[in-house]
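Report on the following structure.
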Amino acid sequence: MLRHRNLVLAHLWLAFAVFAVAAVFGVWQMWVRSPLHAPYENPQNYFLSVTAHGVSMAYVLTTFFVMGFGYFVAETALGREIPAIRWAWAAFVAGAIGALMAALTILSGYASVLYTFYPPLTGSPFFYIGLVLVVAGSWVWCAIMITAMAQWKRANPGRAVPLAMFGTVSNAIMWLWTTAGVAVELLFQVIPAALGWTDTVDVGMSRTLFSWTLHAIVYFWLFPAYIAFYTMAPEAAGGRLYSDTMGRLAFILFLLYSLPVGLHHLFMDPEHSTGFKFVQTTLTALVTVPTLLTVFTIAASFEVAGRLNGGTGLFGWLRALPWHRPMVLATGLAFVMLWFGGGGGLINMSYGMNAMIHNTSSVTAHFHLIFGGTVVIMYFAIAYQIWPQLTGRTADSSDFAWQRRQLWLWGIGMMVMTLPWHWLGLEGQWRRVAHFDYDDPLIAWWGKWVDVSLLGGVILLISALLLIRNLASLHGRRAAEEAPPQPMRYALALHPPAHLPPALNGFALWNALVLVLMVAAYGWPIGQFIVQPSPAAIVHHVDRPG
Amino acid sequence: MAATQQDVQRSETRWAVWVSLFVVIIFGLTVFAALVLHRNPPSNLERIDPRTLHLSGEFTEPNLGTRVEPNGQVTTRIVATQFAFVPPCVVVPADREVTLRLASPDVIHGILVSGTNVNTMVVPGYVSQVHTVFRRMGDLLMPCHEFCGLGHSQMLARVRVVPAEQFRPDAQGRVSCAAS
Amino acid sequence: MSGRNGVEAQPADLDQQQLLALREVPSGAIALGGAAVLLLLVAWLLIYLLVYLPRGMVG
């Protein structure tokens, strides 16, 4: 059993508990938006809920899951002691306190600024300070991950860093780069404004700094899913990873190209020129590549598994795969959702086409499908895979059946919820609305499709509660006849790398390239506000009356 | 057939080439739409002081709404503020180039016009400008699509697209919803 | 990870019968992945031609 299982369990239970509560908020929000009357329906409650739901899902579920899974990988892939374990616990406590601070301020109505918190709208300083604590805790995690890998390399000179750890450290390095944007925005602009030290804010600067973080953060969320695709799914399928090198390349490409593309969230903004919007469109086109490469490599890995299992023909290998295994099922569902979610992403990134859908329900649909769907379903699969090693219990066929049900409900619910949103968004349904006037003939027909989305949301809530049940059922004393859980076995590559060039085993070159790319992509977009600050906008406090 | 490492690399490289072609096609069509078909994200860099825009200059109340300039250009000026558009209804002619100009004196707003490619953020400190040609006649929805506070859900304007013969400017060149 | 040079060798842990079964790889992946990406291109083109372009010029 894992030495530091309690550290991992603490992170993952916090993540999933917050997730389950946030799912309830989400369904209530959808009920409010629909033609049906929801209890406690008013704008104050609605925007409080949207803030709570967004902060929980985008900042708490994700950060704590990534950290917990990272500690698991560090111990199992490297086969050694996690360094600075007391710092790891301190980081968890700081992050948990920060999350609690943010939660309390949100629930008291003092921070209804949504998880994107665009100034000049400004909430209570404790909201932002809470989030800063969560980020600070995650920085400690980054340092521990980087240190663990460095120590392993010193003890194993010339050997290839296990792929799962290489991916985890790619993510840690990317996260350090990513959080710089929002950290500067919070520390130098938003928190001083929230504390009342300044009463105007440069909105061009704040939106640009936030965009730096806003895109790359979704890759921070995505990494565990891709680590599972490359190092866990092929093993669960009974095959081999088609190409270890491609896994490393995918992680490196994400590190390089997830950062200098944030301006594509600002296509419709008036504070940036065509030139830089276009430069970042080009870079965004490049960040599609690691996903497109992954699709092939994982399909090939699954093909290996299917053919080893007796499958023949161009597609027959698909049927020969062990779909009864939750990790395999989750991967299949994830890839189906990836087609739709990725397709939506292609539309969003296509420069002028962004105008069709910016700030419509299509955007909400896109990120719920690609993140809530493809990525989070893999969070569930990872949890099911590693839980026995954390609790000492072994999952049996009845457990697997329940896990499969939960995964199917998640996949179906996500599609039912998001497909109507995509369409309504194209028809002009806009975002973050507490009340639609369905008497207006221009939008009356939206009503029944919003109801369909709501049904999808209810299915997701059932799935979320089932997740909690499934994980809880793997706790407790092991029965005498139950075999102890198997230790973690990461996927074997078809051709395990014996020796790797430093570029595929470390990050010195890539960090240098990230710096170059960020200066090129964001140098002037941010520099312009230092050289010539935007006309100041007045801070608008939402945590004060009037 | 992928028995050796070389076979694996060859197949991955071949796939990468096809995938790159896919990306280039999409990228190319996007650039074509931008350069040749005049479909671009609105990127007019123009600053304005949000604290004084209602006091003097272009965005004072009498100057808002649709106006035909002396040179024949149709310009519609709208102020986005918590929680209404001023004016809440504008008239625009069909099949003629219209320039929308928006500004905010308070927080971030945004607009889209349903059924069209008109979409822009309205950021305090900047003037947003969108050129377009409206083809479909009728009433179009122009909601505020960026969260701007508790009254965001009620913030909605209408764009009335009328045929040329119904687009009759008054002596100052103005066209308003009340008159049409 | 073993210390042998794996560049030219066949996967050493698979027997002859298994290697025979893998002869078709990655034709299945190409078929599935290729179909998916092609369909994606078609979907994007349909939206480009039928929704985006008809909605008019903007800039």
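Chains as they are written, first to last, in the numbering used here: chain H, 20 to 565; chain S, -17 to 162; chain P, -15 to 43.
All residues carry an ideal CB built from backbone N, CA and C; glycine is no exception.
Supposed contact pair residue j and residue i - C-beta distance, whole angstroms, cut 8 Å
i: L3(S); j: A85(S); result: That belief does not hold up - the Cβ atoms of L3(S) and A85(S) are roughly 44 Å apart, past 8 Å.
i: F270(H); j: G186(H); result: 5 Å
i: F239(H); j: V85(H); result: 7 Å
i: N530(H); j: V180(H); result: No, N530(H) and V180(H) are not in contact; Cβ-Cβ is about 16 Å, not under 8 Å.
i: M375(H); j: R39(P); result: 7 Å
i: R156(S); j: G47(S); result: 6 Å
i: P243(H); j: F88(H); result: 5 Å
i: V558(H); j: T219(H); result: 6 Å
i: T197(H); j: L133(H); result: Contact flag wrong, Cβ pair sits at about 19 Å.
i: A71(H); j: P144(H); result: So it is not a contact: roughly 18 Å between Cβ atoms.
Residue i and residue j closer than 8 Å at C-beta
i: L27(S); j: L461(H); result: no
i: F295(H); j: L282(H); result: yes
i: P554(H); j: Q408(H); result: no
i: L327(H); j: A20(P); result: no
i: A324(H); j: G258(H); result: yes
i: Y276(H); j: L233(H); result: no
i: L94(S); j: T58(S); result: no
i: V222(H); j: I60(S); result: no
i: N22(S); j: G371(H); result: yes
i: I366(H); j: I31(P); result: yes
i: V100(S); j: L311(H); result: no
Interface partners of residue i on chain H, CB under 8 Å
i: V21(P); result: L311, V314
Own chain partners of residue i with C-beta closer than 6 Å, once the 5 adjacent residues on each side are dropped
i: M103(S); result: G92
i: A453(H); result: P62, Y65
i: I192(H); result: F526
i: T350(H); result: A252
i: A510(H); result: T250, P253, E254, L260
i: Q422(H); result: P345, Y403, N489
i: T300(H); result: Y370
i: A36(H); result: none
Chain P contact for residue i (CB, 8 Å cutoff)
i: M(-17)(S); result: Interpretation of M(-17)(S) is limited by its pLDDT of 49, a score under 50 that renders its predicted location unreliable; the figure taken from the coordinates is listed afterwards. It does; some Cβ of chain P falls within 8 Å.
i: H20(S); result: yes
i: L298(H); result: Here the sequence assigns Val to residue 298(H), which means Leu is not the residue at that position. Not closer than 8 Å to any Cβ of chain P, the Cβ of V298(H) fails to qualify, so no.
i: L37(S); result: no
i: E322(H); result: yes
i: P163(S); result: Nothing about residue 163(S) can be read from this structure; chain S reaches only from -17 to 162.
Cross-chain neighbours of residue i in chain P, by beta carbon under 9 Å
i: A93(H); result: The contacting residues do not exist; A93(H) stays about 17 Å from chain P at best.
Contact with chain S by residue i, beta-carbon distance below 8 Å
i: G43(P); result: yes
i: G40(P); result: yes
i: H559(H); result: yes
i: E446(H); result: yes
i: P139(H); result: yes
i: N378(H); result: yes
i: R226(H); result: yes
i: Y370(H); result: yes
Beta-carbon neighbours of residue i, restricted to chain H and to distances below 7 Å
i: V74(S); result: None at all; the shortest Cβ gap to chain H is about 17 Å.
i: L132(S); result: P62, Q63, F66
i: F129(S); result: L133, R451
i: L34(P); result: The contacting residues do not exist; L34(P) stays about 11 Å from chain H at best.
Amino acids of chain P, ordered along the chain, whose beta-carbon sits closer than 8 Å to that of residue i
i: L365(H); result: L24, W28
Chain H contact for residue i (CB, 8 Å cutoff)
i: A15(S); result: yes
i: Q0(P); result: no
i: V116(S); result: It should be pointed out that residue 116(S) corresponds to Phe in this sequence rather than to Val. Chain H contact via Cβ: absent.
i: P70(S); result: no
i: D31(S); result: yes
i: S110(S); result: yes
Beta-carbon proximity list for residue i, same chain, < 7 Å, skipping 5 on both sides
i: L33(H); result: F83, A115
i: M(-15)(P); result: Here the model assigns M(-15)(P) a pLDDT of 37, short of 50, so the residue's position is not dependable, and the following value carries that caveat. Excluding positions up to five away in sequence, the list is empty.
i: H23(H); result: Y90, E94, I101, I104
i: G447(H); result: T379
Neighbouring residues, chain S, relative to residue i (Cβ below 9 Å)
i: G332(H); result: Near G332(H) there are no residues of chain S at all, since even the closest Cβ is about 15 Å away, more than 9 Å.
i: L37(P); result: A15, L19, R21
i: M86(H); result: Chain S residues near M86(H): none, gap ~29 Å exceeds 9 Å.
Chain S residues whose Cβ lies nearer than 7 Å to that of residue i
i: D288(H); result: M103, V105
i: T307(H); result: V5
i: S230(H); result: The premise fails here: S230(H) is roughly 12 Å from chain S at the closest Cβ pair, so nothing lies under 7 Å.
Own chain partners of residue i with C-beta closer than 8 Å, once the 5 adjacent residues on each side are dropped
i: I481(H); result: L428, G432
i: V144(S); result: V73, V74, P75, A76, M119, S162
Amino acids of chain S, ordered along the chain, whose beta-carbon sits closer than 8 Å to that of residue i
i: M265(H); result: E(-6)
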